[in-house]
Amino acid sequence: MKQFAQARLTFATLAFATLTWGASSLLAQSKPFPYLDSSLPAALRAHDVVSRMTLDEKAAQLEDWATAIPRLGIPDYQTWNEALHGVANSGYATVFPQAIGMAATWNPALVQQMGDVISTEGRAKFNQAQSEGNHRIFYGLTFWSPNINIFRDPRWGRGQETYGEDPFLTSKMGVAFITGVQGPDPEHPKAIATSKHFAVHSGPESQRHGFNVEVSPRDLEETYLPAFRSTVVDGHVKSVMCAYNAIDGVAACANPMLLQEHLRQAWNFKGFVVSDCGAIVDVTKGHHNAPDVLHASAISIQAGTDLSCSMWNPGFNTLADAVRKGVVSEDLLTRSAERLYTARMQLGMFDISGPYDRIPFAENGSEQHRQIALQAAEQSLVLLKNDGVLPLSGKPRHIAIIGPTADLLDSLEGNYNGTAIRPVSPLDGLLTQFPQDTIRYAQGATLAEGIAIPVPRTAFPSGLKTEIFATPDWTGRPLALRTDSEIQYDWREALPSPELHTHDYSVRWSGAIEVPAAGHYSFTLEGGNGFPYSPTEKYRVVFDGKTLTSGDLNPGAAGAGTASSLLGGSPTTPPKMSNPKPAKFEVDFTDTRPHQIEVWYSHSGDRAGGGATLSWEPPAQAQLAEAVSAVRDADVVLAFVGLSPRLEGEEMSIKIDGFNGGDRTNISLPASQQRLLEAVSATGKPLVVVSLTGSALALTWAKEHANAILQGWYPGVEGGTAIARTLAGLNNPAGRLPITFYAGTQDLPDFTDYSLKNRTYRYYTGTPLWGFGYGVSYSTFHYAPVKLSTTSIEAGKPITASVIVTNTSNRSGDEVVEAYIKTPQVDAPLHSLVGFERVHLAAGEHREVQLKIDARALSSVDSQGQRSILPGVYHLVLGDAQPQEALSKSEASFTVVGRAESQK
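Numbered according to mature numbering (1 follows the signal peptide of the UniProt record, and there is no 0), the sequence shown spans residues -28 to -1, 1 to 876.
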């Protein structure tokens, strides 16, 4: 027991020590229960602990908010955690580029490294939380990432969360991320990853709870399932999330074809399946596969779903009644509970100490991790056009920085994100990178008409005095003082200052505001995102000494519902959230002189949430004129355009021109930003366009008129540094597009049509602006003739292709060698990615790059969904992009003899 007393408290030991039957009681027995014996296999321990549970206890464990079982020393556990591109929703963390940006690196080793950092920071948060007795959501070790759905249509708002449109690239990136998150030891994972959303899920967001996908057997097998298979078979992912939608009329979470035929039988998946949140309710209310939630739960667990994410809704906790009514067998509850507890045993949650228990909280956002985020951001950048204006070099110059994403926090962090520590916007990155240059900045436009954008720093030329109080009512002496350039902060589960040690705090900003022109200005003050809790947030706005408005941004728990009022809600779920409401006010400015403004913000009642953003909708012409003025004396114009997760994302309420429910109805650059580009271009100054988005924009005008275009995605905490270093030439861009950039959607199938006909690079017959796999750099490369390991292979055998690549420029840089195959199938894809490798070459250096192409990559899928390797001639192209867009490439053909069937 001495060892136990000295050990760092883990999840299990802390829980045991605080529950009725504590660890000391259980471990003091001469023969402790087998589930407490760490020398036994995890599955055996799981079987033992589940065998000791009652029927109702087992049912309660099949919820994301699993309740405690004190007599067994089992604490409550919130399975739900997020880590798409950094540990999300639980305070400060390293924020990497959004997943679509990860894919644009075409570097699986780097993605694996990011996954490793994410699980390290997740363990650090978990360890700290357990030492504090914190069992809240978003502090567990089961991460519901990555999203490996196929980004089949540019209109889908959640496409930013994926690795793009290609199943091969998605497979490689998904396996890399999962390997990094789970670690090298499958019996002792650092954390658990989850492949989602299984399957055939990619919008529309507004219809997802009742949408039925009619998909052909070929498209299912050829495009929508390969990444899931790969993450199970090759990545050994321990969890899979079933989707909201139905396939051929059967809800994904109750679909035997998916969960049994493919996942368990064909792919031999041994982990657990979790439903998307509320998806069990959708089985009955959305898809009408069952008369009520109890029967929906029964057919879902029978199909293979083990865990219900229900939050405030009933879910699998109804299964105890289902057993008593004879609707479902208790053996199924036992099976699912054992799968869940096998994972918890493997994570070490019932051990005295483990290899990851001493990872310190200081790992979160460490400088070492920040440098990896910078490297990832640099490698994610895709140079789409450059007529020689980049990189910027030479004598000091006048630089105009314009556009709504130049200093926008949302467009750094993306969605499903953590809170970035000292995030670097493009504006700040450029100010740091070019200290000797004269830089003028103007916001120039909002993201889209009808959407407010944070009031820019130019409106506060002297900055804002910021006072931070350790009280929620602005009383006492300020604990910290500083000067802020604007009010744009995300403090979810974090604190606004290191001097602060309480989540009951208040902040007051004060200073002078100057508008670019007289007119009518609409303002919005918004608090933080506290999901799923209800902190209290209050505010006050004082203008020229008079209070304009005050009240609640969030009424807090007093305005929330109660779990007991929700039939079937888990008892450990927090009360139903209160409804936060941004404060809106308007000011008519009759002049452009300075006016005094004070913004007061208070947060209390719960640690969740926190943050404040002051936004505006100014007169469009005033913004435009300010931008043109900033450009007038410039030597070069850097225009930052794009979108934000407030426009594209998951099931949102937004409905304005071009945007609906998180999806887009128009993929063109929004009109407000297009007018900005055209106005500054009319000055005749060299124009560099930097696009920050989670998806493809139809930058048709920019392709024709801009001197250079850089795609920046949502690049994370060091995104601004990466962009500035790239524009300066310190980073040589070599990212590649993981999606097709179409000129429009007019020749694409309807958004609700899941057919791949004339969709994605493999089947699109039109001419895109830039194709999948495209990207240029400041270097040039040459490909020697391809050498094949053989020109004739037996069906079912792999083949190796090698090519010597030479950097023919005087600048070192990376090159992505891409391999595409054209099979002899009559109606085959135009070509398919079958291999790639990112390599670094010094100026003048040459290197042989070998790509091993496995037999499955050579296979074809027929109309019945059967996969096989066909006999005939195969055409292989190695180059820096797709065959029709490659600047340099090399080709070869080989013959496959015979035919071989492939496994599902």
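Every residue gets a Cβ at the ideal spot worked out from N, C-alpha and C, and that includes glycine.
message: Just to confirm before moving on: does the CB-CB distance between residue 266 and residue 299 stay below 8 Å?
response: As a first step, residue 266 must be located in the sequence shown, where it is residue number 294. As a first step, residue 299 must be located in the sequence shown, where it is residue number 327. Contact flag set, yes.
Closest by C-alpha distance to residue 733, when choosing among 689, 801, 843 and 784: Numbered from its first residue, the sequence shown carries residue 733 at position 761. That would be 801, whose Cα lies nearest to the Cα of residue 733.
Helix, strand or coil at residue 152 [DSSP, three-state]: Walking along the sequence shown from the start, residue 152 turns up at place 180. It is helical.
query: Rounded to the nearest angstrom, how far is the Cβ of residue 755 from that of residue 816, given a contact under 8 Å?
result: As a first step, residue 755 is located in the sequence shown; it is residue number 783 there, counting from the start. As a first step, residue 816 is located in the sequence shown; it is residue number 844 there, counting from the start. That belief does not hold up - the Cβ atoms of residue 755 and residue 816 are roughly 16 Å apart, past 8 Å.
field: Member of 74, 65, 20 and 218 whose CA lies at the smallest distance from the CA of residue 667
entry: Sequence index remark: in the sequence shown, residue 667 carries index 695 (1-based). Answer by Cα proximity: 74.
query: Quick one, which of 227, 233, 183 and 312 has its alpha-carbon nearest residue 211's?
result: To locate residue 211, count along the sequence shown from 1; it is residue 239. Of the candidates 227, 233, 183 and 312, the residue whose Cα lies closest to the Cα of residue 211 is 312.
message: Alpha carbons only, please: which of 750, 690 and 646 is nearest the one belonging to residue 682?
response: The residue you call residue 682 lines up with position 710 of the sequence shown. The residue with the shortest Cα to Cα distance from residue 682 is 750.
query: Using the rule of at least 16 other Cβ atoms within 10 Å of the residue's Cβ for burial, across every protein chain shown, is residue 57 buried or exposed?
result: Within the sequence shown, numbered from 1, the residue matching residue 57 stands at position 85. Residue 57 should be labelled buried.
- prompt: Measuring CA to CA, which of 354, 867 and 693 is closest to residue 710?
  reply: Walking along the sequence shown from the start, residue 710 turns up at place 738. The candidate whose alpha carbon is nearest that of residue 710 is 354.
task: Could you tell me whether the Cβ atoms of residue 588 and residue 494 are closer together than 8 Å?
output: In the sequence shown, counting from the first residue as 1, residue 588 sits at position 616. In the sequence shown, counting from the first residue as 1, residue 494 sits at position 522. Cβ atoms of residue 588 and residue 494: closer than 8 Å.
task: Measure the C-alpha to C-alpha separation of residue 761 and residue 153 and round it to an integer number of angstroms.
output: Taking the sequence shown and counting its residues from 1, one reaches residue 761 at position 789. Taking the sequence shown and counting its residues from 1, one reaches residue 153 at position 181. For residue 761 and residue 153, the distance between alpha carbons rounds to 35 Å.
First through last residue of the alpha helix (DSSP H) which encompasses residue 877: Residue 877 lies beyond the stretch modelled for the chain, which goes from -28 to 876, so this question has no answer here.
query: Excluding sequence positions up to five away, which residues of its chain have a Cβ less than 6 Å from the Cβ of residue 199?
result: One-based indexing of the sequence shown puts residue 199 at position 227. Closer than 6 Å at the Cβ level, and outside the excluded window around residue 199, lie 120, 139, 142, 143 and 146.
message: Relative to the C-alpha of residue 128, which candidate in 174, 349 and 108 has its C-alpha closest?
response: The count along the sequence shown starts at 1 and reaches residue 128 at position 156. Nearest option by C-alpha distance: 174.
query: Using 8 Å as the Cβ pair cut-off and three pairs as the minimum, do the region 542 to 560 and the region 32 to 51 touch?
result: yes
7 Å CB neighbourhood of residue 870 in its chain, flanking five on each side removed: Translated into the one-based positions of the sequence shown, residue 870 becomes position 898. Once the five neighbours on either side are set aside, the close Cβ partners of residue 870 are 766, 767 and 843.
- request: Taking all protein chains shown into account, decide if residue 351 is buried (16 or more other Cβ within 10 angstroms of its Cβ) or exposed.
  value: For this step, residue 351 is matched to residue 379 along the sequence shown. Residue 351 should be labelled buried.
- prompt: Where DSSP assigns a beta bridge to residue 569, which residues make up the other side?
  reply: Counted from its first residue, the sequence shown places residue 569 at position 597. According to DSSP, residue 569 bridges with 483 and 515.
task: Write down the C-beta distance between residue 463 and residue 583 rounded to the nearest angstrom, noting that I regard them as a contact closer than 8 Å.
output: Counted from its first residue, the sequence shown places residue 463 at position 491. Counted from its first residue, the sequence shown places residue 583 at position 611. About 4 Å separates the two Cβ atoms, so the contact holds.
Alpha-carbon spacing of residue 406 relative to residue 612, whole angstroms: Indexing the sequence shown from 1 puts residue 406 at position 434. Indexing the sequence shown from 1 puts residue 612 at position 640. Using only the alpha carbons, I get a separation of about 17 Å.
message: So, for residue -18: in the same chain, excluding its five sequence neighbours on each side, which residues have a beta-carbon less than 6 Å away from its beta-carbon?
response: As a first step, residue -18 must be located in the sequence shown, where it is residue number 11. Reliability of the predicted coordinates at residue -18 is poor, the pLDDT of 39 falling under 50, and the value obtained from them is presented with this limitation in mind. For residue -18, where only same-chain residues beyond five positions count, the Cβ hits under 6 Å are 102 and 321.
- request: Identify, in the order they occur along the chain, each residue of the same chain with its Cβ nearer than 6 Å to the Cβ of residue 631, setting aside the five sequence neighbours on each side.
  value: Here the question's residue 631 lines up with position 659 in the sequence shown. 619, listed in sequence order.
- prompt: Between residue 403 and the ligand GDP, is the CB less than 7 Å from at least one heavy atom?
  reply: Ligands are entirely absent from the displayed structure, and the ligand GDP is therefore not among its contents.
query: Taking buried to mean at least 16 other C-beta atoms within 10 Å of its own C-beta, is residue 157 buried or exposed?
result: Reading the sequence shown from its first residue, position 185 is the one you call residue 157. So residue 157 counts as exposed.
field: Alpha carbon of residue 177 to alpha carbon of residue 239, nearest angstrom
entry: Translated into positions along the sequence shown, residue 177 becomes position 205. Translated into positions along the sequence shown, residue 239 becomes position 267. Their Cα atoms are separated by approximately 29 Å.
message: What does DSSP give as the partner residue(s) for residue 493 in the beta ladder?
response: Taking the first residue of the sequence shown as position 1, residue 493 is located at position 521. Within the DSSP secondary-structure output, residue 493 pairs in a beta bridge with 559.
- request: In the DSSP assignment, find the unbroken beta strand (DSSP E) run with residue 347 in it and report its ends.
  value: The residue given as residue 347 occupies position 375 in the sequence shown. Element bounds for residue 347: not the beta strand (DSSP E) but the alpha helix (DSSP H), 339 to 352.
message: Please classify residue 70 as buried or exposed, where buried requires at least 16 neighbouring CB atoms within 10 angstroms.
response: Numbered from its first residue, the sequence shown carries residue 70 at position 98. Residue 70 should be labelled buried.
- prompt: Helix, strand or coil: which one does DSSP assign to residue 876?
  reply: Position 904 of the sequence shown holds residue 876. If DSSP states are grouped into helix, strand and coil, residue 876 belongs with coil.
field: Element boundaries [beta strand (DSSP E), containing residue 771]
entry: Taking the sequence shown and counting its residues from 1, one reaches residue 771 at position 799. Looking at the DSSP string, the run of the beta strand (DSSP E) that includes residue 771 is 771 to 779.
Integer-rounded CB distance, given that residue 598 should sit under 8 Å from residue 488: For the purposes of this step, residue 488 is taken as residue 516 along the sequence shown, with counting starting at 1. For the purposes of this step, residue 598 is taken as residue 626 along the sequence shown, with counting starting at 1. Right, the Cβ-Cβ distance comes to about 4 Å (below 8 Å), so this counts as a contact.
- prompt: Can residue 66 and residue 341 be called in contact, C-beta distance under 8 Å?
  reply: For the purposes of this step, residue 66 is taken as the residue at position 94 of the sequence shown. For the purposes of this step, residue 341 is taken as the residue at position 369 of the sequence shown. Yes, the pair counts as a contact, with Cβ atoms nearer than the cut-off.
message: When you compare the CB positions of residue 93 and residue 59, do they come within less than 8 Å of one another, or not?
response: Taking the sequence shown and counting its residues from 1, one reaches residue 93 at position 121. Taking the sequence shown and counting its residues from 1, one reaches residue 59 at position 87. For residue 93 and residue 59, yes; Cβs fall inside 8 Å.
query: Do you know whose CA, among 690, 646 and 695, lies nearest residue 662's CA?
result: Taking the first residue of the sequence shown as position 1, residue 662 is located at position 690. Measuring from the Cα of residue 662, the nearest candidate turns out to be 695.
field: Per DSSP, the bridge partner or partners of residue 413
entry: Within the sequence shown, the letter at position 441 stands for residue 413. Its beta-bridge partners are 373.
- prompt: Checking contacts by CB at 8 Å: is residue 574 closer than that to chain C?
  reply: Reference to chain C is not applicable here, since this structure consists of a single protein chain.
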